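Chains as they are written, first to last, in full-length UniProt numbering: chain F, 1 to 333; chain V, 1 to 333.
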């Protein structure tokens, strides 16, 4: 295992400490228990947004803490759900009196631990709602999931619901928009290589030199099938077909096209994938109204990418364009 | 070779096409010859900034085209200098009557081809100045360089000189600030793994499973030495010592601390490196006034990182903080 780390057991603590030092203008951290919170939290009268999950997917979630997006992010160990304790502490820390929304990727551990924390917060008089993201069309159930997995669509839910909260919407309204974004987002991933979890020390799976995994999960969980490596355009077409069928997306729709790197993919390759996806959507009469390309939800150093389509309406566009000031997503102020 | 590409010969063309589609609000491309240019270029009365070089270092340089940074970027083939022809065309395209600054990383091919283009532009009546960046303290001369290599400091030169041009400074002033940033920036890189150039098809070098290369170049050129892998903090200390000695940086200085990923490094590792660098600078009495952490100048999928320190003055801080709207760096408007 070749990694720029000190002690595998201290990877998350040291990384979060560095993150907080680098972005002290936007965030602060609590260390016992550990979570990342907006520098100015709690914001009185604003719905608080909390997300979290296993580490190793950075910039998700801590990179999205700040004005117009999340109020707090709770990092678990690498690829391991955070316990209820820090989720509860984060929920209390961002409660500005208007309630708190939990944004939870659909993995069994995350869902259970966020539910427990929500129950404890409710006992303390904080109104909590949860939206569970499940945008991955690759598999019905998975190694760690009953139902579909929550993947890159989560970033879009966090941005758009974050803007809704920032403009002063109520907890019901923010939760409703978060649900609407999740319901209109579909994703599919692929991998060329595995990744190595620091405390495991070995690659999470193996792939032959001429194979890729279609429908991979963000923890390296198996997807739909292993296929011989083929040209980028063929891979994109194979990923896009089930996405388009599923909602379905149809001619005349306006979408946000999100090409996400898994962590180790050169940017030139992401844009080659973007090019074909945009071209294919044009062939279907679907208008790409907004785009996002880069490493936004990763699997450590895995090479691969995911495609996400979000069917947009006017309100989603307005909230997507709204100012955001976080370490990883920043525009418009 | 496992890559998300179609034809190795079309990597740059297809990637730049995808880039232009994804960022049509900020940039457009010309294809014969190929370069990326600000959507609103030329800006009348503003000094134009042109950079470029071999592809494979994305987001450098095309990712920095936009308001407050570059006016054009000229991509060569992967790790290969662009020829004078597209550099000349880009220079003409951004000439708003106030002259054009070329920002050139110190590699023999880049320097020669930018000089040739500058001579041709001058013959057409365009005033051109050049700043050649050479911030890498690792080696005196290198495989592709007489003198020090230009590496991550180039990103800081482009941002700060870009802000100087954007506020209306003259060509002499913009060139002067670019030179000052370069003169006050020092960098050092390291790699855990090589990368594979698409048209070569094989890794650019080999490293044993327990080795890293200290002082690596951004094309995988050899650095200072190969060392047994050691903890992140020890690596950071080993990279920081020659940087601090070289300018020198001393107690009371204010700096920008830039931890740059080489392309395949997980973000958790970059922040672990940032943490130690910030701690070590505090031990030296050096104030970290600004930070940048992420993949800003890469070597395809190489795993590794570089450290850059820029000694700041008040004007540099003001120009660093000024609004910038590019695909890869965006804040404050």
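In this text, a Cβ means the ideal position worked out from N, Cα and C, and glycines have one as well. Owing to the predicted nature of the structure, the values given are computational and were not obtained by experimental measurement.
Next on the checklist: Can you pull out the residues from the stretch 126-137 of chain V whose beta carbon lies closer than 9 Å to at least one beta carbon of chain F?
Outcome noted: none
Checklist entry - Using CA coordinates, which residue listed in 58(V), 118(V), 4(V) is at the minimum distance from residue 48(V)? => result Looking up residue 48(V) in the second chain gives position 48. When each option's Cα is compared against that of residue 48(V), the closest is 118(V).
Checklist entry - For residue 330(V), which residues in chain F fall below 7 Å Cβ to Cβ? => result Counted from its first residue, the second chain places residue 330(V) at position 330. Within chain F, the residues near residue 330(V) are 330, 331.
Item to check | Extent of the continuous alpha helix (DSSP H) to which residue 116(V) belongs | outcome: Residue mapping note: residue 116(V) aligns to position 116 of the second chain, counting from 1. From DSSP, the alpha helix (DSSP H) with residue 116(V) extends over 108-123.
Item to check | Length of the line joining the Cα atoms of residue 232(F) and residue 4(V) | outcome: Here residue 232(F) refers to the residue found at position 232 when the first chain is read from its first residue. Here residue 4(V) refers to the residue found at position 4 when the second chain is read from its first residue. Roughly 5 Å between the two C-alpha positions.
Next on the checklist: Rounded to whole angstroms, what is the Cα-Cα separation between residue 175(F) and residue 184(F)?
Outcome noted: Start at 1 with the first residue of the first chain, and residue 175(F) comes out as number 175. Start at 1 with the first residue of the first chain, and residue 184(F) comes out as number 184. When rounded, the distance between both Cα atoms is 14 Å.
Checklist entry - Which class does residue 260(F) belong to by DSSP, given the choice of helix, strand or coil? => result Taking the first residue of the first chain as 1, we reach residue 260(F) at position 260. Reduced to three states, the DSSP call for residue 260(F) is strand.
Checklist entry - What are the residues of the stretch 262-290 of chain V that lie near chain F, defined by any Cβ-Cβ distance shorter than 9 Å? => result 263, 264, 265, 266, 267, 268, 269, 270, 271, 272, 273, 274, 275, 276, 277, 278, 279, 288
Item to check | Closer than 8 Å at the beta carbon, the chain V residues around residue 235(F) | outcome: Taking the first residue of the first chain as position 1, residue 235(F) is located at position 235. Correct list: 4.
Checklist entry - Using a threshold of 7 Å, is the CB atom of residue 198(V) nearer than that to any non-hydrogen atom of the ligand ATP? => result As far as ligands go, the structure on display features none, and thus does not contain the ligand ATP.
Item to check | Between the CA atoms of residue 240(F) and residue 187(F) - distance to the nearest angstrom | outcome: Taking the first chain and counting its residues from 1, the one referred to as residue 187(F) is at position 187. Taking the first chain and counting its residues from 1, the one referred to as residue 240(F) is at position 240. Their backbone Cα atoms lie some 9 Å apart in a straight line.
Next on the checklist: Please report the straight-line C-alpha distance between residue 75(V) and residue 34(V), rounded to a whole angstrom.
Outcome noted: Here residue 75(V) is taken as the residue at index 75 of the second chain, counted from 1. Here residue 34(V) is taken as the residue at index 34 of the second chain, counted from 1. Using only the alpha carbons, I get a separation of about 7 Å.
Next on the checklist: Under 8 Å: do the stretch 313-332 of chain V and the stretch 269-280 of chain V share three or more Cβ pairs, one atom per stretch?
Outcome noted: no
Checklist entry - Roughly how far, in whole angstroms, is the beta-carbon of residue 27(F) from the beta-carbon of residue 65(F), given that I think they are within contact range, below 8 Å? => result The residue you call residue 27(F) lines up with position 27 of the first chain. The residue you call residue 65(F) lines up with position 65 of the first chain. So it is a contact: roughly 5 Å between Cβ atoms.
Next on the checklist: Taking CB distances under 8 Å as the criterion, tell me whether residue 147(F) reaches chain V.
Outcome noted: Numbered from its first residue, the first chain carries residue 147(F) at position 147. Not closer than 8 Å to any Cβ of chain V, the Cβ of residue 147(F) fails to qualify, so no.
Next on the checklist: I believe residue 260(F) touches residue 178(F) by the beta-carbon criterion, under 8 Å. Please report the beta-carbon distance rounded to the nearest angstrom.
Outcome noted: Locating residue 260(F) in the first chain gives position 260, counting from the first residue. Locating residue 178(F) in the first chain gives position 178, counting from the first residue. Rounded, the Cβ-Cβ distance is 19 Å, inconsistent with contact.
Checklist entry - Alpha carbon to alpha carbon, how far is residue 109(V) from residue 81(V)? => result Working through the second chain from its first residue, we reach residue 109(V) at position 109. Working through the second chain from its first residue, we reach residue 81(V) at position 81. The straight-line gap from Cα to Cα measures roughly 6 Å.
Item to check | residue 68(V), DSSP secondary structure in three states | outcome: Walking along the second chain from the start, residue 68(V) turns up at place 68. Coil, per DSSP.
Checklist entry - residue 256(V) to residue 287(V), Cα distance in whole Å? => result Translated into positions along the second chain, residue 256(V) becomes position 256. Translated into positions along the second chain, residue 287(V) becomes position 287. So the two alpha carbons sit approximately 9 Å from each other.
Checklist entry - List, in order along the chain, the chain F residues whose C-beta lies closer than 9 Å to that of residue 307(V)? => result Locating residue 307(V) in the second chain gives position 307, where the first residue counts as 1. Neighbours of residue 307(V) on chain F: none; closest Cβ ~11 Å, over 9 Å.
Next on the checklist: Please classify residue 199(F) as buried or exposed, where buried requires at least 16 other C-beta atoms within 10 Å of its C-beta.
Outcome noted: Locating residue 199(F) in the first chain gives position 199, where the first residue counts as 1. Under this definition residue 199(F) is an exposed residue.
Checklist entry - For residue 326(F) versus residue 58(F), is the C-beta spacing smaller than 8 Å? => result Start at 1 with the first residue of the first chain, and residue 326(F) comes out as number 326. Start at 1 with the first residue of the first chain, and residue 58(F) comes out as number 58. No. Outside cutoff.
Next on the checklist: Is there a Cβ of chain V sitting closer than 8 Å to that of residue 179(F), yes or no?
Outcome noted: The residue given as residue 179(F) occupies position 179 in the first chain. Answer no: the Cβ-Cβ gap between residue 179(F) and chain V never drops below 8 Å.
Next on the checklist: Please return the same chain residues whose Cβ sits closer than 6 Å to the Cβ of residue 281(F), not counting the five positions on each side in sequence.
Outcome noted: Within the first chain, the letter at position 281 stands for residue 281(F). Hits under 6 Å: 288.
Checklist entry - Under the rule that 16 or more other beta-carbon atoms within 10 Å means buried, what is residue 133(F), buried or exposed? => result Along the first chain, one-based indexing puts residue 133(F) at 133. Buried is the call here.
Item to check | Range of the contiguous beta strand (DSSP E) that encloses residue 212(V) | outcome: As a working note, residue 212(V) is residue 212 in the second chain. Taken as a continuous stretch (DSSP letters only), the beta strand (DSSP E) holding residue 212(V) covers 211-214.
Next on the checklist: My output table needs one value for residue 323(V): the three-state DSSP class, helix, strand or coil.
Outcome noted: Here residue 323(V) refers to the residue found at position 323 when the second chain is read from its first residue. Here residue 323(V) sits in coil by DSSP.
Item to check | residue 94(F) and residue 72(F) closer than 8 Å at C-beta | outcome: Taking the first chain and counting its residues from 1, one reaches residue 94(F) at position 94. Taking the first chain and counting its residues from 1, one reaches residue 72(F) at position 72. Cβ atoms of residue 94(F) and residue 72(F): closer than 8 Å.
Checklist entry - With a Cβ-Cβ cutoff of 8 Å, do residue 274(F) and residue 39(V) count as a contact? => result Position 274 of the first chain, counted from the first residue, corresponds to residue 274(F). Position 39 of the second chain, counted from the first residue, corresponds to residue 39(V). Against a cut-off of 8 Å, the Cβ pair of residue 39(V) and residue 274(F) comes out as no contact.
Checklist entry - Which word fits residue 145(V), buried or exposed, when buried means at least 16 other C-beta atoms lie within 10 angstroms of its C-beta? => result Here residue 145(V) is taken as the residue at index 145 of the second chain, counted from 1. Label assigned to residue 145(V): buried.
Next on the checklist: For residue 130(V), list the residues DSSP reports as bridge partners.
Outcome noted: In the second chain, residue 130(V) corresponds to position 130, counting from 1. DSSP lists 102(V) as partners of residue 130(V).
Checklist entry - residue 312(V): which of 24(V), 150(V), 290(V), 15(V) sits nearest, CA to CA? => result Residue mapping note: residue 312(V) aligns to position 312 of the second chain, counting from 1. Nearest option by C-alpha distance: 290(V).
Item to check | Span separating the alpha-carbon of residue 317(V) from that of residue 14(F) | outcome: Numbered from 1 along the second chain, position 317 holds the residue referred to as residue 317(V). Numbered from 1 along the first chain, position 14 holds the residue referred to as residue 14(F). If I take the Cα positions, the gap works out to 28 Å.
Checklist entry - Do residue 263(F) and residue 300(F) have their CB atoms nearer than 8 Å? => result Position 263 of the first chain holds residue 263(F). Position 300 of the first chain holds residue 300(F). Yes, they are a contact pair.
Checklist entry - residue 82(F) touches chain V at which residues, Cβ-Cβ below 7 Å? => result Walking along the first chain from the start, residue 82(F) turns up at place 82. In chain order: nothing, as chain V lies at least about 15 Å away.
Checklist entry - Quick one: Cα of residue 102(V) to Cα of residue 128(V), how far? => result Locating residue 102(V) in the second chain gives position 102, counting from the first residue. Locating residue 128(V) in the second chain gives position 128, counting from the first residue. Approximately 7 Å, taken between the alpha carbons.
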